[in-house]
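Asker: Sequential numbering of the sequence shown, starting at 2, is according to my numbering.
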Amino acid sequence: MTVSTDKKVPSEACLSVSIDAGERGVKRIQLRAIIMTPHQMVHLGQIRVHPIKSLDAVSIDGCDIADGGGLEWDRRYAIVERTSAPGSETDAVGQYVNGKRERRTHELETTYDLERETVTIRERGAEETNTFHLELDRDCFASWLSSYFGYPVEVVRDDEGGFPDDTDAAGPTVISTGTLEAVASWYDEIETEEMCRRLRPNLVLEAPAFWEDRLYERPGQVVPFEIGGVELQGVNPCQRCVVPTRDPDTGEQTEGFQETFVERREATLPEWASEAWFDHYFRLMVNTTVPDSSWGDSLAVTDPVSVDDVLVDANPAQ
2 MTVSTDKKVP
12 SEACLSVSID
22 AGERGVKRIQ
32 LRAIIMTPHQ
42 MVHLGQIRVH
52 PIKSLDAVSI
62 DGCDIADGGG
72 LEWDRRYAIV
82 ERTSAPGSET
92 DAVGQYVNGK
102 RERRTHELET
112 TYDLERETVT
122 IRERGAEETN
132 TFHLELDRDC
142 FASWLSSYFG
152 YPVEVVRDDE
162 GGFPDDTDAA
172 GPTVISTGTL
182 EAVASWYDEI
192 ETEEMCRRLR
202 PNLVLEAPAF
212 WEDRLYERPG
222 QVVPFEIGGV
232 ELQGVNPCQR
242 CVVPTRDPDT
252 GEQTEGFQET
262 FVERREATLP
272 EWASEAWFDH
282 YFRLMVNTTV
292 PDSSWGDSLA
302 VTDPVSVDDV
312 LVDANPAQ
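1. Under the three-state reduction of DSSP, which class applies to T112: helix, strand or coil?
2. Roughly how many angstroms separate the alpha carbons of I80 and N99, rounded to a whole number?
3. Please specify which runs of the beta strand (DSSP E), each continuous and at least 3 residues long, are wholly inside the segment 152 to 198, giving them in chain order.
4. Answer with buried or exposed for D114, where buried requires no fewer than 16 other C-beta atoms within 10 angstroms of its C-beta.
5. Ordered along the chain, which non-local residues of its own chain (more than five positions away) have a Cβ less than 6 Å from that of G163?
6. Taking DSSP as the reference, what is the three-state secondary structure of M304?
7. Since F283 is in the alpha helix (DSSP H), which residue starts that stretch and which ends it?
8. Using 8 Å as the threshold, is the C-beta distance between G63 and A301 below it?
9. Which residue or residues does DSSP assign as beta-bridge partners of N131?
10. Using the three-state DSSP reduction, which class does D309 fall into: helix, strand or coil?
11. Can you tell me whether R241 is helix, strand or coil according to DSSP?
12. According to DSSP, is D138 helix, strand or coil?
13. Determine the closest residue to E194 out of E264, S307, G229 and D250, with distance taken between C-alpha atoms.
14. Can you list, in chain order, the residues of its chain with a C-beta nearer than 7 Å to that of D304? Leave out the 5 residues immediately preceding and following it.
15. Look at the Cβ atom of G391, then the Cβ atom of E82, and state whether they are nearer than 8 Å.
16. State the DSSP-derived secondary structure class of Q259, mapped to helix, strand or coil.
17. Which of the three DSSP states is assigned to F226 in this structure?
18. If I'm right that Q240 touches F283 with Cβ under 8 Å, what's the distance once you round it to whole angstroms?
19. Relative to the C-alpha of V157, which candidate in C141, N131 and S275 has its C-alpha closest?
20. Checking 8 Å against the spacing of the C-beta atoms, do V306 and F226 come in under that value?
21. Would you mind stating whether L204 and V175 have Cβ atoms separated by less than 8 Å?
22. Looking only at its chain, what residues have a beta carbon closer than 7 Å to the beta carbon of H40, apart from the 5 residues adjacent to it on each side?
23. Determine, using beta carbons only, whether R266 comes closer than 8 Å to chain B.
24. In whole angstroms, what is the alpha-carbon distance linking V263 and G257?
25. Report the option in L135, G252, T255 and G221 whose CA atom is closest to the CA atom of N237.
26. Which term fits P271, buried or exposed, when burial requires 16 or more other beta carbons within 10 angstroms of its beta carbon?
27. In terms of residues, what are the limits of the beta strand (DSSP E) holding D65?
28. Smallest Cα separation from F211: which of A127, C242, D189 and V287?
29. At which residues does the beta strand (DSSP E) containing Q254 begin and terminate?
30. Name the DSSP beta bridge partners of T290, please?
31. For T119 versus L56, is the C-beta spacing smaller than 8 Å?
32. Note the first and the last residue of the continuous beta strand (DSSP E) segment covering H44.
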C-alpha cells in the first residue's frame, strides 16, 4: 500500500491510498479524501429577522436587502418611550424600550405573519394572545404594550435600514452553526437554540465553529464576501451587551455567564481571527455592511458563501 499527500494548497489535504491486490482481483483501489478548506462547502443555513426590535425572531427562507443594507423586515419596528401626547405632530422619538433597559421585554412571546403584516403577542406562559396588524392596529398595539410595561410607549417604523444596534455596520450579523454549538457547550444548561436566541444573529451559516472569524480584519479594513452572489463586507466582531447573559424567556441573569464566556472565548480564539479587535473577549458574531450596489438583492437559505482574498479599505478615499 502506498499513501501520498498532495499539499499544493496549504489549507487542503488530499489523501490517496493505492492497494495492489495481485492477479486475482482489482489491482489498485484509490481513495481520495479532501478535507474542507476554509472557503469550501459553506452555505447559508438560516435567515432570522426581528420585525420588532428586542422581541422574538422569526426564521424565513429568503429576503431582500433593504435600503441601508439591513435585511428587509429586520428591526423595521421599535418600541420607544412616548415623548409627546397621542396625535401630536412632533417627530421626537424617546429612548428604546429594549432588552438592555427593560428586562420585561424578555417575558413577551411574539409570532409573526409577515405576509399579512401581523404580530401575535402574549406574556410567556399565558393562554391569552392578542393579534395586531403592524400598520392598521399600531396605536392599539402601542396601547397594549403601554399597559404591559406600565408607562406610555409608541411603536415606530423605519423602512430605510430599520433600527440596527450598530449604525456604523448596519448590515446583517453573521455567525455559524458550529459556533452556536461550541459556545452552548461552555454552559451546562444552555442548548444551541437558546444560545442562538441569546445572541440574536441574522444569518447563520452552516460552517464549523468560529469560521465567521475569517470575515473581519484589522480596524480600517473590511473583508468582502458573497452569499449567493450578494456582496457583503465583514467589519468587526460584535461587542456583546448584557442581553446574552440573560435567560431569553425570563430575563434572569445567568450566574457567571460573562466570566465563562470571556475565559473560553480567549482560549478558543482561532488563529485566523484578527486580535486587533480584542481589547476584551466579550465579542462574538460578525457585524457587516452591504454596498449600495447590493441593496435590493435577495438572499435565500442554501445560498453558497464565498470569501474574497483581497481586503478593502473601510473608508476609501472619495
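Don't be surprised by glycine CBs; every beta carbon is placed ideally from N, CA and C.
Answerer: Taking the structure as given:
1. Here residue 112 refers to the residue found at position 111 of the sequence shown. Here T112 sits in strand by DSSP.
2. Reading the sequence shown from its first residue, position 79 is the one you call residue 80. Reading the sequence shown from its first residue, position 98 is the one you call residue 99. Near 7 Å, if we compare the C-alpha coordinates of N99 and I80.
3. Considered as a whole, the segment 152 to 198 harbours 154 to 158 and 175 to 177 as its complete beta strand (DSSP E) runs of no fewer than 3 residues, in chain order.
4. Sequence index remark: in the sequence shown, residue 114 carries index 113 (1-based). D114 comes out exposed.
5. As a first step, residue 163 is located in the sequence shown; it is residue number 162 there, counting from the start. Closer than 6 Å at Cβ, skipping near neighbours: G71, D75, R76 and R77.
6. Against the sequence shown, residue 304 aligns to sequence position 303. Before going further, note that residue 304 is Asp rather than Met in the sequence given. Of the three classes helix, strand and coil, the one that applies to D304 here is coil, per DSSP.
7. Taking the sequence shown and counting its residues from 1, one reaches residue 283 at position 282. Note, F283: premise wrong, no alpha helix (DSSP H); not H, not E.
8. Working through the sequence shown from its first residue, we reach residue 63 at position 62. Working through the sequence shown from its first residue, we reach residue 301 at position 300. Judged by beta-carbon spacing, A301 lies within the 8 Å limit of G63, meaning their Cβ atoms are closer than that value.
9. One-based indexing of the sequence shown puts residue 131 at position 130. Paired residue(s): I122.
10. Position 308 of the sequence shown, counted from the first residue, corresponds to residue 309. Coil at D309, not helix or strand.
11. One-based indexing of the sequence shown puts residue 241 at position 240. Note: R241 maps to coil in three-state DSSP.
12. Position 137 of the sequence shown, counting from 1, holds the residue named residue 138. Assigned with DSSP and collapsed to three states, D138 falls in coil, not helix or strand.
13. Position 193 of the sequence shown holds residue 194. For E194, the closest of E264, S307, G229 and D250 by C-alpha to C-alpha distance is D250.
14. Counted from its first residue, the sequence shown places residue 304 at position 303. The beta carbon of D304 sits closer than 7 Å to the beta carbons of H44, L45, I228 and G229 from its chain, once the five residues preceding and following it are set aside; these are given in chain order.
15. Limits of the chain in this structure are 2 at one end and 319 at the other, which puts residue 391 out of reach.
16. For the purposes of this step, residue 259 is taken as residue 258 along the sequence shown, with counting starting at 1. Note: Q259 maps to helix in three-state DSSP.
17. Position 225 of the sequence shown, counted from the first residue, corresponds to residue 226. Per DSSP, reduced to three states, the secondary structure at F226 is strand.
18. For the purposes of this step, residue 240 is taken as the residue at position 239 of the sequence shown. For the purposes of this step, residue 283 is taken as the residue at position 282 of the sequence shown. About 7 Å separates the two Cβ atoms, so the contact holds.
19. Here residue 157 refers to the residue found at position 156 of the sequence shown. Looking at the Cα atoms, C141 is the closest of the given residues.
20. As a working note, residue 306 is residue 305 in the sequence shown. As a working note, residue 226 is residue 225 in the sequence shown. Between V306 and F226, the C-beta spacing is below 8 Å.
21. In the sequence shown, the residue the question calls residue 204 occupies position 203. In the sequence shown, the residue the question calls residue 175 occupies position 174. Result yes, Cβ atoms of L204 and V175 sit closer than 8 Å.
22. In the sequence shown, the residue the question calls residue 40 occupies position 39. With a pLDDT of only 48 at H40, under the threshold of 50, the placement of this residue in the model should not be trusted; the figure read from the coordinates follows. Here the set comprises S307 and V308.
23. Absence of chain B from the displayed structure is noted, only one protein chain being present.
24. As a position in the sequence shown, residue 263 is number 262, starting the count at 1. As a position in the sequence shown, residue 257 is number 256, starting the count at 1. Straight through space, the alpha carbons of G257 and V263 are spaced by roughly 10 Å.
25. Mapped onto the sequence shown, residue 237 falls at position 236. Of the listed residues, the one whose Cα sits closest to N237 is G221.
26. Position 270 of the sequence shown, counting from 1, holds the residue named residue 271. Exposed, since its Cβ has fewer than 16 Cβ neighbours within 10 Å.
27. As a first step, residue 65 is located in the sequence shown; it is residue number 64 there, counting from the start. Counting along the chain, the unbroken beta strand (DSSP E) around D65 starts and ends at G63 to D65.
28. Counting from 1 along the sequence shown, the entry for residue 211 is found at position 210. The candidate whose alpha carbon is nearest that of F211 is V287.
29. By 1-based counting over the sequence shown, the position of residue 254 is 253. Unbroken run through Q254: none, as it is neither H nor E.
30. Within the sequence shown, the letter at position 289 stands for residue 290. BP columns for T290 point to Q234.
31. If you number the sequence shown from 1, residue 119 lands on position 118. If you number the sequence shown from 1, residue 56 lands on position 55. With contacts defined by Cβ atoms closer than 8 Å, T119 and L56 do not form a contacting pair.
32. For this step, residue 44 is matched to residue 43 along the sequence shown. Its beta strand (DSSP E) spans residues H44 to V50.
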